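First the structure, in the form of structure tokens, and then the observations on it.
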Amino acid sequence: MKRFRFSRKQLCIPYALFLVCFVILPLAVIVYYAFTDGSGRFTLANFLSFFTNGNTIGTLCYSAVIAVAVTAVCLLIAYPAAYVLARSGLKRGPVLLMLFILPMWINFTLRITALKEILTVIEGNLSLHPFLNTVIGMTYDYLPFMILPLYTTLLQLDQNLLEAARDLGAGPASVFSRVTLPLSMPGIVSGITMTFLPAMTNYVILDMMYNSTYIMGSLIGSYFNIYDWNNGSMISLILFAVICIVSIVTGGGDQEDAKNRGAVL
Amino acid sequence: MTAESKRKRCRPVRTAAAGLILTTGLSLALPGTVLTGGPASVSAAENSQKVTLRIANWEEYIDEGDWDEEEAIDLDDREGTTILGENSMVEDFEEWYRETYGVDVEIEYSTFGTNEDLYNQLTLGNNFDLVCPSEYMFMKLIAENRLQPLSEEFFDEQNENNFYIRGVSDYIRNIFDTNTINGEPWSKYAAGYMWGTTGIVYNPDVISKEEASHWAVLADPKYKGQVTIKDNVRDSYFAALGILNEKELLDPEFIQAPDRLERIAEIMNRTDEETVGKAEAMLKRMKENAYSFESDSGKADMVTGKVLANYQWSGDAVYTLDQAEIDDYYLAYAVPEECTNVWFDGWVMLKDGIAGDAAKQQAAEAFMNFMSRPDNVVRNMYYIGYTSVIAGGDSDIIYAYADWCYGAEDDAEDTIEYPVGFFFSGDNADEDYIITAEADQADRQLFAQYPPQDVLERAVVMQYFDQEKNERINQMWVNVRCFDLASLTWQDWAKIAAVVIVLAASLVIYKKRDKIRIRSGA
Chain A
1 MKRFRFSRKQ
11 LCIPYALFLV
21 CFVILPLAVI
31 VYYAFTDGSG
41 RFTLANFLSF
51 FTNGNTIGTL
61 CYSAVIAVAV
71 TAVCLLIAYP
81 AAYVLARSGL
91 KRGPVLLMLF
101 ILPMWINFTL
111 RITALKEILT
121 VIEGNLSLHP
131 FLNTVIGMTY
141 DYLPFMILPL
151 YTTLLQLDQN
161 LLEAARDLGA
171 GPASVFSRVT
181 LPLSMPGIVS
191 GITMTFLPAM
201 TNYVILDMMY
211 NSTYIMGSLI
221 GSYFNIYDWN
231 NGSMISLILF
241 AVICIVSIVT
251 GGGDQEDAKN
261 RGAVL
Chain B
266 MTAESKRKRC
276 RPVRTAAAGL
286 ILTTGLSLAL
296 PGTVLTGGPA
306 SVSAAENSQK
316 VTLRIANWEE
326 YIDEGDWDEE
336 EAIDLDDREG
346 TTILGENSMV
356 EDFEEWYRET
366 YGVDVEIEYS
376 TFGTNEDLYN
386 QLTLGNNFDL
396 VCPSEYMFMK
406 LIAENRLQPL
416 SEEFFDEQNE
426 NNFYIRGVSD
436 YIRNIFDTNT
446 INGEPWSKYA
456 AGYMWGTTGI
466 VYNPDVISKE
476 EASHWAVLAD
486 PKYKGQVTIK
496 DNVRDSYFAA
506 LGILNEKELL
516 DPEFIQAPDR
526 LERIAEIMNR
536 TDEETVGKAE
546 AMLKRMKENA
556 YSFESDSGKA
566 DMVTGKVLAN
576 YQWSGDAVYT
586 LDQAEIDDYY
596 LAYAVPEECT
606 NVWFDGWVML
616 KDGIAGDAAK
626 QQAAEAFMNF
636 MSRPDNVVRN
646 MYYIGYTSVI
656 AGGDSDIIYA
666 YADWCYGAED
676 DAEDTIEYPV
686 GFFFSGDNAD
696 EDYIITAEAD
706 QADRQLFAQY
716 PPQDVLERAV
726 VMQYFDQEKN
736 ERINQMWVNV
746 RCFDLASLTW
756 QDWAKIAAVV
766 IVLAASLVIY
776 KKRDKIRIRS
786 GA
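These protein sequence lines map, in sequence, to chains A and B. Count the first sequence with my numbering and you get residues 1 to 265, in order. Count the second sequence with my numbering and you get residues 266 to 787, in order.
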């Protein structure tokens, strides 16, 4: 009896099925709803109403500003932290890293609730600084997602390149700006993608921090709440497009930096 | 230890936005295919005698049994009944139905977090037989012709198993008979479950009762950042209209008018463009002034003292007051002088679910009746903390329970006579229904749970709005909640421009650093 063996192609089947069921089909459903009206006829009205309504544009800008702020603050905190952890040869480096990662093991709603209490003690009344609190809350939540990829890239950084740069007369500042920073770009990019996208949509943190202004996630939710799946889907799709653009822009920069890296060598 | 602090109350989660999105998202992926057809439909086919009933109710909105022995409630009614929830209400019903009707019934019980969540599930083809939405949602379902009318037998007061019709309060019955949708009264389709008012939970040490008794407290700059407002369009819109029409609603002539209730209902259900526009401006003001819009956090924030006033449903108000009391923190509940929104959760049967199956309809109606049996009513009220629409009819168990909860100890000094006859017998002067309660109960749990007659004289139903009106107020709500670019001043724009320019410049410098250096080096 011939033994049955899986060929490589057959091994792909479960993954292909998974992709079709959970990536392609849902996306197709969203596209269908986005370009139809309540009775299923094709329409561009949802698309046009998004760009002609000051409120939705305002929400897009507001979420983008929050996301940019969160990502920037995360990066500013995470880069030095990851650098120290990965490069300074601390004996307790892994333990310290663990301390940064540890909060992720606790459910985020619980962590945000705790943070809320701390901020209440510091600020008195949380409702006076809704924007600031949202940024603090999201930064707190997403910091590990920024630190981890940076730590990994910085750890893998080739020590010889840094030595070579120093031998060729570069000071510490130019070693950093011309070797370390370009080489850690992949980590920065993946860190940005992992914080920027959720920061635009995670309205649970927003709500918990008592910010009553919608971001994109809450806007989509509110449309589904009033059974307007068509507009809700259209906004999801537009958000999807925005995210794609952001990824392409950051990814494109990455490639250019890869060339620079060649120049350094 | 007072009677109330003995009570175990569980919080019904009426809104869970995150959950909704998750469910909606998942169900959208595979429309209608995943959710239909439970495993029990197979067993129903095996045994034609067996009826399967699919019920959907709010989370934590039914007695789940498992009480401790000490929790047993010894009532002071005529029969000296003791109430103890050993098994869950659903199990008890299955047993009772078998004994009474000789038919096996299997309940598939599921829960939902918001009315919209339920509606989305129904739209996606989840065939429930019996559901318990709020009044505006069952009005929507009636308008969409999706409900199965109650049978004539259900209204037969001679049948001693018809606990609902024999026990429902006349006040509630009247509302269910007189409120119509497309000319059909609610009572044709719906049997009430729980009810209450909307009002304001407040800290009486800081906010006076007088202040809290007006919707305007929610927009008062004096309490900036210290009040929370419900995060849903219907409740918020109602409050905004209450503030906008305060003068007219409080006019002594208006209050004396014989048709006051109808006139309040007319004012509070206005949805013309001008009114909606004004409400939008008012809600924007309220948003700036409030601590937050909340869907669930308001109770906890009230108990921990983060806020001083919280717009709340009476059932959750009782819960908030109870929770605060555990920490010896005393809050109060007020219903605005202008008007209040009387709300209901009610049982309705779905046409698609029942599908003309008489045995199923009988089981569904029996379930409504079983939930209205006075001892079961007490179990549910004890467990949930809300107020049932059932007054008890011939039985005095429910009144005895109210008295057990709120009646003052014999040696209490400062007491009041609190009439609840309006609800229990239709006559507020009825001496059989006067609770001797501690004086502060007139502003607290008793007041929230059994509002006095004067509150009910200004309690109106917020109607279900048709598509066009609904879209208008929903759009208004989105406008209130979205960030308004027009609210930015030119200074703000200048700041934004400065930041963008600095960022762009530093990026360009970073990218071109090699060229710059080469040039300066050369």
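From the three backbone atoms N, C-alpha and C, an ideal C-beta is built for every residue, glycine too. These numbers were taken from a predicted model, which means no experiment stands behind them.
For this session: Output, in chain order, the set of chain A residues within a Cβ distance shorter than 7 Å of B:Ala751.
Result: Taking the second sequence and counting its residues from 1, the one referred to as residue 751 of chain B is at position 486. Result: Gly54.
Exercise. Can you name the residues of chain A whose CB is closer than 9 Å to the CB of B:Gly570?
Worked result: What you label residue 570 of chain B is simply residue 305 of the second sequence in a count that begins at 1. Near B:Gly570 there are no residues of chain A at all, since even the closest Cβ is about 10 Å away, more than 9 Å.
Exercise. Pairing CB atoms from the region 145-161 of chain A with CB atoms from the region 76-87 of chain A, are three or more of them under 8 Å?
Worked result: yes
Problem set entry | Cβ-based burial, B:Asn645 [other Cβ within 10 Å; buried from 16] | Taking the first residue of the second sequence as 1, we reach residue 645 of chain B at position 380. Answer is buried; the Cβ neighbour count reaches 16.
Problem set entry | Euclidean distance between Cα positions of B:Gly448 and B:Leu596 | As a working mapping, residue 448 of chain B is identified with position 183 in the second sequence. As a working mapping, residue 596 of chain B is identified with position 331 in the second sequence. Going from the Cα of B:Gly448 to the Cα of B:Leu596 covers about 42 Å.
Exercise. Counting along the chain, where does the alpha helix (DSSP H) carrying B:Trp742 start and finish?
Worked result: For the purposes of this step, residue 742 of chain B is taken as the residue at position 477 of the second sequence. Counting along the chain, the alpha helix (DSSP H) containing B:Trp742 begins and ends at Gln732 to Arg746.
For this session: Using the Cα positions of B:Leu506 and B:Gly542, report the straight-line distance between them to the nearest angstrom.
Result: As a first step, residue 506 of chain B is located in the second sequence; it is residue number 241 there, counting from the start. As a first step, residue 542 of chain B is located in the second sequence; it is residue number 277 there, counting from the start. In a straight line, the C-alpha of B:Leu506 is about 11 Å away from that of B:Gly542.
Exercise. Alpha carbon to alpha carbon, how far is A:Thr120 from A:Pro130?
Worked result: As a working note, residue 120 of chain A is residue 120 in the first sequence. As a working note, residue 130 of chain A is residue 130 in the first sequence. Distance between the alpha carbons of A:Thr120 and A:Pro130 is about 12 Å.
Exercise. Would you say the region 493-505 of chain B touches the region 550-566 of chain B, given that touching needs at least three Cβ pairs under 8 Å?
Worked result: yes
For this session: Determine the closest residue to B:Val482 out of B:Glu511, B:Gln732 and B:Tyr458, with distance taken between C-alpha atoms.
Result: Taking the second sequence and counting its residues from 1, one reaches residue 482 of chain B at position 217. Of the candidates B:Glu511, B:Gln732 and B:Tyr458, the one whose C-alpha sits nearest the C-alpha of B:Val482 is B:Glu511.
Exercise. Would you say B:Val720 and B:Met533 are within 8 Å of each other, going by their C-beta atoms?
Worked result: One-based indexing of the second sequence puts residue 720 of chain B at position 455. One-based indexing of the second sequence puts residue 533 of chain B at position 268. Contact: no.
Exercise. Ordered along the chain, which non-local residues of its own chain (more than five positions away) have a Cβ less than 8 Å from that of B:Tyr775?
Worked result: Sequence index remark: in the second sequence, residue 775 of chain B carries index 510 (1-based). So no residue of the chain qualifies.
Exercise. Taking just the CA atoms, how far does A:Leu85 sit from A:Leu162?
Worked result: Within the first sequence, residue 162 of chain A is the residue found at index 162, counting from 1. Within the first sequence, residue 85 of chain A is the residue found at index 85, counting from 1. Going from the Cα of A:Leu162 to the Cα of A:Leu85 covers about 17 Å.
For this session: Let me know the secondary structure DSSP gives A:Arg92 once reduced to three states.
Result: On the first sequence, position 92 is the one that residue 92 of chain A refers to. Looking at A:Arg92 - three-state DSSP - the assignment turns out to be coil, as it is neither helix nor strand.
Exercise. Under 7 Å from any heavy atom of the ligand PLP, does the C-beta of A:Phe18 make it?
Worked result: Among the components of this structure there are no ligands whatsoever, and the ligand PLP is therefore not found.
Problem set entry | Length of the line joining the Cα atoms of A:Val23 and A:Leu11 | Start at 1 with the first residue of the first sequence, and residue 23 of chain A comes out as number 23. Start at 1 with the first residue of the first sequence, and residue 11 of chain A comes out as number 11. One C-alpha to the other measures close to 19 Å.
Exercise. Any Cβ of chain B within less than 8 Å of the Cβ of A:Gly89?
Worked result: Working through the first sequence from its first residue, we reach residue 89 of chain A at position 89. It does not; no Cβ of chain B falls within 8 Å.
Problem set entry | Option in A:Tyr62, A:Arg41, A:Gly40 and A:Ala34 with minimal Cα separation from A:Ser49 | The residue given as residue 49 of chain A occupies position 49 in the first sequence. Closest option to A:Ser49, Cα to Cα, is A:Ala34.
For this session: Could you tell me the boundaries of the beta strand (DSSP E) in which A:Leu110 lies?
Result: In the first sequence, residue 110 of chain A corresponds to position 110, counting from 1. Taken as a continuous stretch (DSSP letters only), A:Leu110 belongs to no beta strand (DSSP E), being part of the alpha helix (DSSP H) at Phe108 to Glu123.
Exercise. Using a C-beta cutoff of 8 Å, does B:Phe822 count as contacting chain A?
Worked result: With chain B covering only 266 through 787, there is no way to say anything about residue 822 of chain B.
Exercise. Cβ of B:Val613 less than 8 Å from any chain A Cβ?
Worked result: Here the question's residue 613 of chain B lines up with position 348 in the second sequence. Answer no: the Cβ-Cβ gap between B:Val613 and chain A never drops below 8 Å.
Problem set entry | Members of the region 191-205 of chain A that neighbour chain B once the beta carbon cut-off is set at 9 Å | Tyr203 and Val204
Exercise. Between the Cα of A:Ala114 and the Cα atoms of A:Ile101, A:Met209, A:Phe196 and A:Val246, which residue gives the shortest distance?
Worked result: Within the first sequence, the letter at position 114 stands for residue 114 of chain A. Considering only alpha carbons, the answer is A:Met209.
Problem set entry | When B:Ile766, B:Val654, B:Asp640 and B:Gly672 are compared against B:Asp661, the one with the closest alpha-carbon | Counting from 1 along the second sequence, the entry for residue 661 of chain B is found at position 396. Cα-wise, what sits closest to B:Asp661 is B:Asp640.
Exercise. Which residues in chain B sit within 7 Å of A:Leu128, going by Cβ to Cβ distance?
Worked result: Taking the first residue of the first sequence as 1, we reach residue 128 of chain A at position 128. Those within 7 Å of A:Leu128 in chain B are Gly490.
Exercise. Chain B beta carbons: is any one of them nearer than 8 Å to that of A:Asn230?
Worked result: Locating residue 230 of chain A in the first sequence gives position 230, where the first residue counts as 1. In terms of beta-carbon proximity, A:Asn230 stays away from the interface with chain B, with every pair separated by 8 Å or more.
Problem set entry | Burial state of B:Asn468 (16 or more Cβ within 10 Å) | Numbered from 1 along the second sequence, position 203 holds the residue referred to as residue 468 of chain B. Buried: at least 16 other Cβ atoms inside 10 Å.
Problem set entry | Cβ shell of B:Pro716 (< 6 Å), same chain only, five flanking positions each side left out | For this step, residue 716 of chain B is matched to residue 451 along the second sequence. Here the set comprises Thr462.
Problem set entry | Contacts around B:Phe689, its chain only, beta-carbon distance under 6 Å, and the 5 residues preceding and following it disregarded | Here residue 689 of chain B refers to the residue found at position 424 when the second sequence is read from its first residue. Ala656, Tyr664 and Tyr698, listed in sequence order.
For this session: Kindly indicate if chain B contains any beta-carbon less than 8 Å away from that of A:Tyr214.
Result: Reading the first sequence from its first residue, position 214 is the one you call residue 214 of chain A. Chain B, which has a Cβ nearer than 8 Å to the Cβ of A:Tyr214, makes this yes.
Exercise. If we count Cβ pairs, one from each stretch, closer than 8 Å, do we get three or more for the region 726-736 of chain B versus the region 386-405 of chain B?
Worked result: yes
Exercise. Using 8 Å as the threshold, is the region 423-430 of chain B in touch with the region 627-641 of chain B, meaning 3 or more CB pairs across them?
Worked result: Judged by Cβ distances under 8 Å, the region 423-430 of chain B makes contact with the region 627-641 of chain B, as three or more pairs qualify.
Problem set entry | Cross-strand partners of B:Phe377 (DSSP beta bridge) | Within the second sequence, residue 377 of chain B is the residue found at index 112, counting from 1. Beta-bridge pairing links B:Phe377 to B:Trp323.
Exercise. Where does the unbroken beta strand (DSSP E) through B:Trp608 begin, and where does it stop?
Worked result: Translated into the one-based positions of the second sequence, residue 608 of chain B becomes position 343. Trp608 to Leu615 is the extent of the beta strand (DSSP E) around B:Trp608.
Exercise. Of all Cβ atoms in chain B, is any one closer than 8 Å to the Cβ of A:Thr71?
Worked result: In the first sequence, counting from the first residue as 1, residue 71 of chain A sits at position 71. It does not; no Cβ of chain B falls within 8 Å.
For this session: Using a Cβ-Cβ cut-off of 8 Å, state whether A:Ser222 counts as contacting chain B.
Result: Mapped onto the first sequence, residue 222 of chain A falls at position 222. A:Ser222 counts as touching chain B.
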